[in-house]
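So the sequence lines, in the order shown, correspond to chains A and B.
Heads up: the first sequence begins at 1 in my numbering, then just goes up one per residue.
Heads up: the second sequence begins at 337 in my numbering, then just goes up one per residue.
Protein chains: 2
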Amino acid sequence: MRHRLKDVAERAGVSVKTVSNVVNGYLHVRPDTRARVEEAIAELNYRPNLSARNLRKGRTGVIALAVPELDIPYFAELARYVVTAAAEHGWTVLIDQTEGGPEQERKAAAGIGDHMIDGLIFSPLALTADDLSGLDGTPMVLLGERVDHGPADHVVVDNVAAAREITAHLIGLGRRRIAAIGSQRTPEGASARLRLAGYTAALAEAGIEYDEALVAPAPAWHRADGAAAMRELLSSGVRPDAVFCFNDTLALGALRALHEAGLRVPEDVAVAGFDDIEDGRFSIPTLTTVAPDKERIARLAVELLAGRIDGDREAPPRELAAPYRLALRESTTGRP
Amino acid sequence: MRHRLKDVAERAGVSVKTVSNVVNGYLHVRPDTRARVEEAIAELNYRPNLSARNLRKGRTGVIALAVPELDIPYFAELARYVVTAAAEHGWTVLIDQTEGGPEQERKAAAGIGDHMIDGLIFSPLALTADDLSGLDGTPMVLLGERVDHGPADHVVVDNVAAAREITAHLIGLGRRRIAAIGSQRTPEGASARLRLAGYTAALAEAGIEYDEALVAPAPAWHRADGAAAMRELLSSGVRPDAVFCFNDTLALGALRALHEAGLRVPEDVAVAGFDDIEDGRFSIPTLTTVAPDKERIARLAVELLAGRIDGDREAPPRELAAPYRLALRESTTGRP
DNA sequence: TCAGGTTTCTACAACGTTGTAAGCAACGTT
DNA sequence: AACGTTGCTTACAACGTTGTAGAAACCTGA
Numbered sequence: 001m002r003h004r005l006k007d008v009a010e011r012a013g014v015s016v017k018t019v020s021n022v023v024n025g026y027l028h029v030r031p032d033t034r035a036r037v038e039e040a041i042a043e044l045n046y047r048p049n050l051s052a053r054n055l056r057k058g059r060t061g062v063i064a065l066a067v068p069e070l071d072i073p074y075f076a077e078l079a080r081y082v083v084t085a086a087a088e089h090g091w092t093v094l095i096d097q098t099e100g101g102p103e104q105e106r107k108a109a110a111g112i113g114d115h116m117i118d119g120l121i122f123s124p125l126a127l128t129a130d131d132l133s134g135l136d137g138t139p140m141v142l143l144g145e146r147v148d149h150g151p152a153d154h155v156v157v158d159n160v161a162a163a164r165e166i167t168a169h170l171i172g173l174g175r176r177r178i179a180a181i182g183s184q185r186t187p188e189g190a191s192a193r194l195r196l197a198g199y200t201a202a203l204a205e206a207g208i209e210y211d212e213a214l215v216a217p218a219p220a221w222h223r224a225d226g227a228a229a230m231r232e233l234l235s236s237g238v239r240p241d242a243v244f245c246f247n248d249t250l251a252l253g254a255l256r257a258l259h260e261a262g263l264r265v266p267e268d269v270a271v272a273g274f275d276d277i278e279d280g281r282f283s284i285p286t287l288t289t290v291a292p293d294k295e296r297i298a299r300l301a302v303e304l305l306a307g308r309i310d311g312d313r314e315a316p317p318r319e320l321a322a323p324y325r326l327a328l329r330e331s332t333t334g335r336p
Numbered sequence: 337m338r339h340r341l342k343d344v345a346e347r348a349g350v351s352v353k354t355v356s357n358v359v360n361g362y363l364h365v366r367p368d369t370r371a372r373v374e375e376a377i378a379e380l381n382y383r384p385n386l387s388a389r390n391l392r393k394g395r396t397g398v399i400a401l402a403v404p405e406l407d408i409p410y411f412a413e414l415a416r417y418v419v420t421a422a423a424e425h426g427w428t429v430l431i432d433q434t435e436g437g438p439e440q441e442r443k444a445a446a447g448i449g450d451h452m453i454d455g456l457i458f459s460p461l462a463l464t465a466d467d468l469s470g471l472d473g474t475p476m477v478l479l480g481e482r483v484d485h486g487p488a489d490h491v492v493v494d495n496v497a498a499a500r501e502i503t504a505h506l507i508g509l510g511r512r513r514i515a516a517i518g519s520q521r522t523p524e525g526a527s528a529r530l531r532l533a534g535y536t537a538a539l540a541e542a543g544i545e546y547d548e549a550l551v552a553p554a555p556a557w558h559r560a561d562g563a564a565a566m567r568e569l570l571s572s573g574v575r576p577d578a579v580f581c582f583n584d585t586l587a588l589g590a591l592r593a594l595h596e597a598g599l600r601v602p603e604d605v606a607v608a609g610f611d612d613i614e615d616g617r618f619s620i621p622t623l624t625t626v627a628p629d630k631e632r633i634a635r636l637a638v639e640l641l642a643g644r645i646d647g648d649r650e651a652p653p654r655e656l657a658a659p660y661r662l663a664l665r666e667s668t669t670g671r672p
């Protein structure tokens, strides 16, 4: 019960192409012909076959967004903004979960179903520049960390500066034994490295000695990892008076562990995160964090991609920076 | 720089169809021919054009998942399970945000890009059975609420029974002034109606009189709405000793409002939610909730859809129930 | 040796759409 | 009356793939 242009054409007594013209809003169609065609379309409940249209046009109207995990609130929030921004360009977004694994990411970068998408917005964890070269095909925009000298467009947030600022905020509160949670030595840990660099820079500026015992690794950046790392820190006896967690879910886990240990936040230990996810605005206490402008990130990414898709594919890669700000809340200031 | 079967065929000195046969793993290809073709494929970095394949086969290998909002953790977690289950069937999942609006939902139900997807898993808020009739095209599976006598397959969770059980749990703790947060009068409020029905049923069973002043509406089911509703309840002077929130984000908002009001959970007010999102396992206090088996829901939905796509499209609609359990945590029991 | 199969490969025709080029009116201009 | 212009419509040929049908080569066993 699926109809084609041909069926509509026969019913309306015109050529297939005329129906196509009506469907595509072509100007020079006589009003009465148009009416007849539209009637036939309605009667048959005709809808164009997108596969055929795509084949003919070489465009699918679909872009992909590849993120490590959808149930990490940061990526879910980002996804929402990307969907909105893409809709304004008439694109549908195919969301792809890479699970952060190098193999999965490579597959995503290679193009999902390849000809299935017009472009790709990609938030990589494990990939390096090498993995990305040799992708002749689909236009791509990278989010987040800079893959050095990568061949693709980028939307970056200055992780080092942001981490430095929020650490400086903790120092400004008079804290001196500031722990960090979330360090990673794996190649996936690009964000971790940058945020750690910001943290150490802030310490150095304030003349506070870097103490490795205060830096806790976290294999992933989930709540459970944050809680575990915090418990580890507490039981190791290093007695921090503040913690900078490399993302908000880690921080929420840390809050939980501190609560269980009977410590007060921020009186005993101040806690800061990174990402500004919605949970942090309602947690107890509310969470001080770095708030990257997610909407801006999404919008810039979509625009860069649009530029590639419609424009010059050989132009040198562009890099746009998205702003961030500090959101100071109860977990450091004690005030909402 | 994009190659077609024809290019590979020329390079390997065989026909186009032979290359196609190699690509599709057709059996009867001589090993040396196969090798030659594979070499050519590798040299040219050939990848099939999916639009063309889809056109020819009438299948796209893509199913859509339409949910109200991706940044509601419940849906994000569900999406993840759906993606996993679909991958086992070789499908890619296109995630569509309907924003819960009737118009958007109708559009989603009508099929995203129509021929673009083989099937649709749909978690409707606003749609009724009427909106769904007249969809001859794409196979569809509905999640959650029963759209009465709807024409499509369903995966349901017994909302009434679950709500009754968790309310009974609160009653079992000795609470008598049990508030409910999340009621809705709009047509979108199907879940709300069912959960409210479970709540009142439990009260009736225990011989507790239903008090309308204890039932707080919530326009949406976000944290902010839960917090607002809780503040409203507290300031209205009804003095509840327990609250059943119709989902977890509402409950997290309520926890926040109770905290701000200086009330202890669960000593002064016990709090229960619905959905078992990850946040609730780390919140302070951790959240008692109804835990629907999301993985099961996703798996059943994908299987129902597979049945429609590969099998009999005219078979009568099926309805499968997914189990749930109560997750009792600090917010009612005081113990983790 | 040959009939009858099996294996291996190919030509052709779709799938449903749109760009191109061209045809045919009807019109205004010279 | 001849001409170009404009508006409307159409036939045809792609887009890149795969199913069908069949040809050619190769086996097998009598």
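C-beta atoms are modelled at their ideal positions from N, C-alpha and C, and glycine is treated no differently.
Taking only beta-carbon positions, decide if residue i is within less than 8 Å of chain A.
i                  : result
Pro-555 of chain B : no
Asp-604 of chain B : no
Glu-346 of chain B : no
His-425 of chain B : no
Ile-507 of chain B : no
Ser-387 of chain B : yes
Let me make sure I understand the geometry here. Which of the options has the alpha-carbon closest to that of residue i?
i                  : options                                    : result
Ala-606 of chain B : B:Thr-396, B:Gly-510, B:Asp-489            : B:Gly-510
Ala-528 of chain B : B:Gly-609, B:Ala-593, B:Leu-588, B:Ile-453 : B:Gly-609
Met-140 of chain A : A:Leu-125, A:Asp-118, A:Val-160, A:Asp-293 : A:Asp-118
Ala-571 of chain B : B:Gly-598, B:Ala-637, B:Glu-481            : Reading off the sequence shown, one finds Ser at residue 571 of chain B, where the question assumed Ala. It is B:Gly-598.
Asn-247 of chain A : A:Glu-232, A:Ala-218, A:Thr-92             : A:Ala-218
Glu-346 of chain B : B:Thr-625, B:Ala-516, B:Tyr-382            : B:Tyr-382
Val-335 of chain B : B:Leu-656, B:Gln-520, B:Glu-524            : Because chain B here runs from 337 to 672, residue 335 of chain B falls outside it and cannot be looked at.
Ala-190 of chain A : A:Leu-170, A:Asp-310, A:Ala-168, A:Val-157 : A:Val-157
Ile-377 of chain B : B:Val-398, B:Leu-656, B:Pro-672, B:Val-350 : B:Val-350
Asp-604 of chain B : B:Leu-656, B:Thr-474, B:Ser-619, B:Val-579 : B:Val-579
Pro-672 of chain B : A:Ile-171, A:Ala-327, A:His-259            : A:His-259
Are any of the Cβ atoms in chain B nearer than 8 Å to that of residue i?
i                  : result
Asn-24 of chain A  : no
Val-141 of chain A : no
Arg-4 of chain A   : no
Glu-77 of chain A  : yes
Arg-256 of chain A : yes
Pro-73 of chain A  : yes
Arg-231 of chain A : no
Ser-235 of chain A : no
Ala-327 of chain A : no
Leu-94 of chain A  : yes
Val-243 of chain A : no
Verify whether the separation of the beta carbon atoms of residue i and residue j is less than 8 Å.
i                  : j                  : result
His-154 of chain A : Pro-317 of chain A : yes
Asp-615 of chain B : Asp-279 of chain A : yes
Ala-642 of chain B : Pro-576 of chain B : no
Leu-401 of chain B : Ile-457 of chain B : yes
Leu-673 of chain B : Leu-55 of chain A  : This structure cannot speak to residue 673 of chain B, because chain B is shown only from 337 to 672.
Ile-95 of chain A  : Ile-431 of chain B : yes
Leu-406 of chain B : Gln-433 of chain B : yes
Ala-658 of chain B : Arg-617 of chain B : no
Leu-142 of chain A : Ala-152 of chain A : yes
Identify, in the order they occur along the chain, each residue of the same chain with its Cβ nearer than 8 Å to the Cβ of residue i, setting aside the five sequence neighbours on each side.
i                  : result
Glu-375 of chain B : Ala-348
Tyr-546 of chain B : Thr-536, Leu-539, Ala-540
Val-238 of chain A : Arg-177, Ala-179, Asp-211, Ala-213, Leu-214
Gly-61 of chain A  : Leu-50, Asn-54, Gly-90, Trp-91, Thr-92, Asp-118
Can you find a heavy atom of the ligand ADP that lies under 7 Å from the Cβ of residue i?
i                 : result
Gly-25 of chain A : Questions concerning the ligand ADP fall outside what the structure shown contains, since it holds no ligand whatsoever.
I'd like the list of long-range same chain contacts for residue i, defined as Cβ closer than 6 Å, with 5 residues on each side in sequence excluded.
i                  : result
Tyr-74 of chain A  : Asp-275, Ile-277
Gly-470 of chain B : Because the pLDDT of Gly-470 of chain B is 49, which lies under 50, any placement of that residue in the model is unreliable, and the number read from its coordinates should be weighed accordingly. Within the same chain, Gly-470 of chain B has no close Cβ partners at all.
Arg-231 of chain A : Ala-257
Which residues in the same chain as residue i place their Cβ atom closer than 7 Å to its Cβ, once the five residues preceding and following it in sequence are excluded?
i                  : result
Arg-2 of chain A   : none
Arg-649 of chain B : Pro-475
Ser-356 of chain B : Leu-341
Pair every Cβ in the stretch 162–181 of chain A with every Cβ in the stretch 199–218 of chain A, then say whether three or more of these pairs are closer than 8 Å.
Touching, yes, given that three or more Cβ pairs across the two stretches are closer than 8 Å.
Is it the case that the stretch 223–239 of chain A contacts the stretch 250–269 of chain A, given that we only count it when at least three CB pairs across the two stretches are under 8 Å?
yes
Contact between the stretch 24–39 of chain A and the stretch 68–84 of chain A is defined here as three or more beta-carbon pairs at a separation below 8 Å; is this criterion met?
No, the stretch 24–39 of chain A does not touch the stretch 68–84 of chain A.
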